[in-house]
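Engineer: In case it helps, numbering that gives the first Met the number 0 puts the sequence shown at residues 0 to 337.
For each residue, glycine too, the CB sits at the ideal point set by N, CA and C.
From a predicted model like this one, the values you see are computed outputs, not experimental measurements.
First the structure, then my questions, so here it is.
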Amino acid sequence: MLEGEVAAQGFWDDARAAQRKMQRLASQKGFVSDWRNLEGRVNGLVDLLELAVAESDDSLAEQSSVELSHLNRQVDELEFSLQFGGEHDDRPALLSLKQGAGGVEAQDWAEMLLRMYARWAERSGFKCEVLDFMAGEEAGIKAATIRIDAPHAYGYLKGERGVHRLVRLSPFDADHLRHTSFALVEVMPEADEQEAVAIRQDDIKFEAYRASGHGGQNVQKTSTAVRITHIPSGVVVAVQNERSQLQNREVAMRILRSRLVDLEAQKRAEERAKIKGEHVSAEFGRQVRNYVLHPYQLVKDTRSGYETSNTDAVLDGDIDEMLKATLRSQMGSQAAGG
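Given below as structure tokens:
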């Protein structure tokens, strides 16, 4: 189907859309090529095994065992890649973090999560860009939005949506008591400028205000920060990271467009679930993972059941296995639901 679109007259009239389709076609061709290469290696292994049996050659049997182990790993990797078949899974991801209940503790926790995802991107060689950053009064952040550009970035990170809970001895408590903090993670696929989302100027309320930093001090004397409200959906986006009002407005519109694309995708998923008779729980406010630093060390995902006691590594961005476990559990749930 995509090959037909690429060959059609006028395909390059919309260069941005054409480029996106070309990237998608290349990805699909690469995926098919990987499976065909695997098929060839399996056929070769069968021939090798038959030769080993016919000649009673132990060295060939050992060589076959090593090759079988390699093939099993490749099959696992290719099967895992099947999970990136969602409508927007190949898009860059916009990841927003907001402090939850817990005051300065929660602001510090939100910044710890921000660092965790940024370090994951850095470890993986992915591009990570800060779109918005609102610092807390004493420490940490009130909110932040980052853009992660990588193959299947949204596909990898979409399972991170929800409430993340931290239990630790507070570094901000004079008595060093144990505190529980919460932070909300939202993940959206990046929408491009040609995305089929109707945003009318009459549907937007635009406000400008002064950006503030630590302690509420004004970063600039002019009103560079912006707040955009999409009236029909109630979605509000505030951005103050850039130095000019125009730049902040452009970033806010990028985030708003992505939020609306994500909102539409969620509505469609809920409708499909209702048709199937499935119970749909609200993603917003749902606790998805616990990070316990005291009285013991444990990170546990509430959906996949994945857990590790190496909390330092997780908070330093070593989250690949945790992300994969979450995606596998979601794929398993979808398969069980028919």
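What residue range does the beta strand (DSSP E) around Phe-205 cover?
Structural biologist: For Phe-205, the enclosing beta strand (DSSP E) stretches over residues 203 to 208.
Engineer: Say whether chain D places a C-beta atom closer than 7 Å to the C-beta of Arg-302.
Structural biologist: The question asks about chain D, but that chain is absent: this structure has only one protein chain.
Engineer: Between the C-alpha atoms of Ala-133 and Trp-108, what's the straight-line distance to the nearest angstrom?
Structural biologist: It should be noted that the sequence gives Met, not Ala, for residue 133. Taking the straight line joining both Cα atoms gives about 14 Å.
Engineer: Touch check for the segment 99 to 108 and the segment 175 to 183: three-plus C-beta pairs under 8 Å?
Structural biologist: Judged by Cβ distances under 8 Å, the segment 99 to 108 makes contact with the segment 175 to 183, as three or more pairs qualify.
Engineer: With a threshold of 16 other CB atoms inside 10 Å of the CB of Lys-157, please say whether the residue is buried or exposed.
Structural biologist: buried
Engineer: According to DSSP, is Ala-173 helix, strand or coil?
Structural biologist: Coil at Ala-173, not helix or strand.
Engineer: With DSSP as the reference, identify every bridge partner of Arg-146, one or two as the case may be.
Structural biologist: Leu-93, Glu-128
Engineer: Using only alpha-carbon positions, find the residue among Ala-224, Asp-317, His-229, Glu-136 that is nearest to Ala-117.
Structural biologist: Asp-317
Engineer: Taking DSSP as the reference, what is the three-state secondary structure of Ile-254?
Structural biologist: Assignment of Ile-254 by DSSP, reduced to helix, strand and coil, places it in the helix class.
Engineer: Comparing C-alpha positions only, which one of Arg-226, His-293, Val-184 sits nearest to Lys-97?
Structural biologist: Val-184
Engineer: Could you pull out every unbroken beta strand (DSSP E) segment of at least 3 residues lying fully inside the segment 47 to 118, listed in chain order?
Structural biologist: 92 to 98
Engineer: Evaluate Gly-9 with the Cβ neighbour count: other Cβ atoms within 10 Å of its Cβ, from every protein chain shown; 16 or more gives buried, anything less gives exposed.
Structural biologist: exposed
Engineer: Around the C-beta of Pro-188, are 16 or more other C-beta atoms found within 10 angstroms, so that it is buried, or is it exposed?
Structural biologist: Burial call: buried.
Engineer: How would you label Ala-14, buried or exposed, when you count the other beta carbons within 10 angstroms and need 16 or more for buried?
Structural biologist: By the Cβ neighbour-count rule, Ala-14 is exposed, with fewer than 16 other Cβ atoms within 10 Å of its own.
Engineer: Please report how far the alpha carbon of Glu-144 lies from the alpha carbon of Asn-309, in whole angstroms.
Structural biologist: The amino acid at residue 144 is misidentified as Glu; the sequence shows Thr. Computed Cα separation, rounded: 27 Å.
Engineer: With C-beta atoms as the reference, is Phe-125 less than 7 Å away from Ala-149?
Structural biologist: yes
Engineer: In its own chain, which residues sit with a C-beta less than 6 Å from the C-beta of Ala-207, not counting the 5 before and 5 after it?
Structural biologist: Ser-222, Val-225, Gln-244
Engineer: Taking just the CA atoms, how far does Glu-61 sit from Arg-146?
Structural biologist: 47 Å
Engineer: Which of helix, strand or coil does DSSP assign to Arg-226?
Structural biologist: strand
Engineer: Expressed to the nearest angstrom, what Euclidean distance is found between the alpha-carbon atoms of Ser-232 and Asn-240?
Structural biologist: 24 Å
Engineer: Tell me, to the nearest whole angstrom, how far the beta carbon of Arg-90 is from that of Ala-152; I am working on the premise that it is less than 8 Å.
Structural biologist: 7 Å
Engineer: Sort Phe-83, Leu-77, Asn-289, Ser-303 by Cα distance to Glu-38 and report the nearest one.
Structural biologist: Leu-77
Engineer: Since Pro-238 and Asn-247 should fall inside the 8 Å C-beta cutoff, what is the C-beta to C-beta distance between them, to a whole number of angstroms?
Structural biologist: Here residue 238 turns out to be Val, not Pro, going by the sequence shown. Indeed, because the Cβ distance is near 5 Å, the residues count as touching under 8 Å.
Engineer: If you run the structure through DSSP and keep just helix, strand and coil, what is Ala-138?
Structural biologist: In the structure shown, Ala-138 sits in coil (DSSP, three-state: anything other than H, G, I, E or B).
Engineer: Please return the same chain residues whose Cβ sits closer than 8 Å to the Cβ of Gly-29, not counting the five positions on each side in sequence.
Structural biologist: none
Engineer: According to DSSP, simplified to helix, strand and coil, what is Asp-42?
Structural biologist: Correcting the residue type first, residue 42 is Asn in the shown sequence and not Asp. Asn-42: helix per DSSP, three-state reduction.
Engineer: To the nearest angstrom, how far is the alpha carbon of Arg-267 from that of Leu-297?
Structural biologist: 35 Å
Engineer: Of the residues Ser-123, Glu-128, Ser-95, which one's Cα is nearest the Cα of Leu-112?
Structural biologist: Taking only the C-alpha atoms, the option nearest Leu-112 is Ser-95.
Engineer: Less than 8 Å between the CB atoms is what I'm expecting for Ala-324 and Tyr-305, so what's the real figure, rounded?
Structural biologist: 4 Å
Engineer: Closest to Arg-164 by C-alpha separation, out of Leu-44, Glu-128, Gln-286, Val-250, would be which residue?
Structural biologist: Gln-286
Engineer: Between the C-alpha atoms of Ser-58 and Trp-34, what's the straight-line distance to the nearest angstrom?
Structural biologist: 28 Å
Engineer: My assumption, with CB atoms under 8 Å, is that Gly-139 sits in contact with Glu-121. Please give the rounded CB distance.
Structural biologist: Not quite, the Cβ-Cβ distance comes to about 20 Å (not below 8 Å), so this is no contact.
Engineer: Would you say His-293 and Arg-114 are within 7 Å of each other, going by their C-beta atoms?
Structural biologist: No. Outside cutoff.
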